[in-house]
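One structure is given below, encoded as structure tokens.
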Amino acid sequence: MWSVIIPTYNRLPILTKCLTALEEQDFDQDYEVVVVDDGSTDGTIVFLQDHALDFPHVRLILQEHQGAAIARNTGIDAARGETIVFIDSDLVVLPSFLSAHAAKLKDKDCCFSYGRVINTANFENPTSESFKLTDFSAAFFATGNVAIGKKWLIAAGKFDPMFSQYGWEDLELGVRLKKLGLKLIPAPEAVGYHWHPPFNLQQLPKLIEQEKQRGRMGVLFYRKHPTWQVRMMIQRTPLHFILWGLLSLGGVLNERTLAPLLKFLIDRGRPQWALEVARIFLNWYNVQGVYENDIK
39 MWSVIIPTYN RLPILTKCLT ALEEQDFDQD YEVVVVDDGS TDGTIVFLQD
89 HALDFPHVRL ILQEHQGAAI ARNTGIDAAR GETIVFIDSD LVVLPSFLSA
139 HAAKLKDKDC CFSYGRVINT ANFENPTSES FKLTDFSAAF FATGNVAIGK
189 KWLIAAGKFD PMFSQYGWED LELGVRLKKL GLKLIPAPEA VGYHWHPPFN
239 LQQLPKLIEQ EKQRGRMGVL FYRKHPTWQV RMMIQRTPLH FILWGLLSLG
289 GVLNERTLAP LLKFLIDRGR PQWALEVARI FLNWYNVQGV YENDIK
């Protein structure tokens, strides 16, 4: 049996599309969809309870708002399957999604499969998006689209609940899985479309806070695994500090000074271009977050 684990928090509209796609799988094995609601307040719980017949594979697990790491651990503990698939609640998959992961893992034990994630802002038809260079990921283990034996998650110790803020909990677990000898098998046929709303200026406070949190969690990541590789991942090097400091002119280019340019691009139908420009100061907030929570 397979268990798809989906932590969710206040994402009902896209979660509905996510679960509908999982009900349309051409999979020839038993599977369940374990939705761990992390304290949603947008009606997610009532909706899933009222529409249980529409989602026969779904098992709903409730917890107070504690973050993605704990929610995924809750899902692992509740899962009945020997193989676990992690996706996010804003991912819409193709009918061949589970079959594609299963084909890669057939007759293989000390491995996990990592599918392709394509970013899209098209809510009405998310699966129409084509793969872009910016969709490429070199991560060893990321929970956006991955299938792995439950026993390996238990052996590695599951997700560290100390990662209570945004970022790094899956990559940190990946370090421990690699130490167990697990190998990554790319599964580009297991496609998931990661939906996010088109970028707008109202999103900036939340994005900035996420980058600050990612910096703090990056320091925790390094303290657990004090290697040069992790230091590079979290951008805690003089090169990263100088690079992003120069690109942002030491913070002069920020959400206030660049707002007119961002608005200009958004108004002309180029929200993705605007987001790429915003990454200049967003990443500077991340690097500053690392240094402000300095590695001792």
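If you count the sequence shown from 1, you need to add 38 to reach the working numbering. We put the beta carbon where it would ideally sit given N, CA and C, even for glycine. Bear in mind the structure is a predicted one, so any value in this text is a computation, not a measurement.
By how many angstroms is the C-alpha of T181 removed from the C-alpha of M165? Looking at the sequence provided, one finds Thr at residue 165 rather than Met. Going by the C-alpha atoms only, they are around 19 Å apart.
Looking at the structure shown, is D147 part of a helix, part of a strand, or coil, going by DSSP? Three-state DSSP puts D147 in coil, outside helix and strand.
When the Cα of V213 is compared with those of A185, Q203, V229, K262, which residue comes out closest? K262
By Cβ distance below 7 Å, which residues in the same chain neighbour L215 in space, the five residues on each side in sequence not counted? Taken in chain order, the residues that qualify are F179, W190, A194.
If you draw a straight line from the alpha carbon of L86 to that of S127, how long is it in whole angstroms? 13 Å
Count the other C-beta atoms from every protein chain shown that fall within 10 angstroms of the C-beta of M255, then say buried if there are 16 or more, exposed otherwise. buried
Can you check whether the C-beta of I272 is within less than 8 Å of a C-beta belonging to chain B? In the structure shown, chain B cannot be found, because there is only a single protein chain.
May I have the straight-line CA-CA distance separating D75 from I280, to the nearest angstrom? 41 Å
Comparing C-alpha positions only, which one of I156, I122, Q101 sits nearest to T112? Q101
Selected residue, minimal CA-CA separation from N183, among Q241, L132, G219, F124: F124
Taking the C-alpha atoms as reference points, what is the distance between V268 and V155? Each residue's Cα considered, the two are about 23 Å apart.
DSSP beta-bridge partners for E70? S41
Residues in its own chain within less than 6 Å of K221 by CB, not counting five upstream and five downstream? C149
Answer with buried or exposed for V316, where buried requires no fewer than 16 other C-beta atoms within 10 angstroms of its C-beta. The sequence shown places Ala at residue 316, rather than the Val named in the question. Buried: at least 16 other Cβ atoms inside 10 Å.
Starting from T121, trace the beta strand (DSSP E) in both directions and tell me its first and last residue. Segment 121-125, the beta strand (DSSP E) holding T121.
Assign T121 to one of two classes, buried (16 or more other C-beta atoms within 10 Å of its C-beta) or exposed (fewer than that). buried
Own chain, CB closer than 6 Å to Y323, minus 5 neighbours either side, in chain order: I246, E249, K250
Look at N48 and D88 and say whether their C-beta atoms are less than 8 Å apart. 8 Å or more divides the Cβ of N48 from the Cβ of D88.
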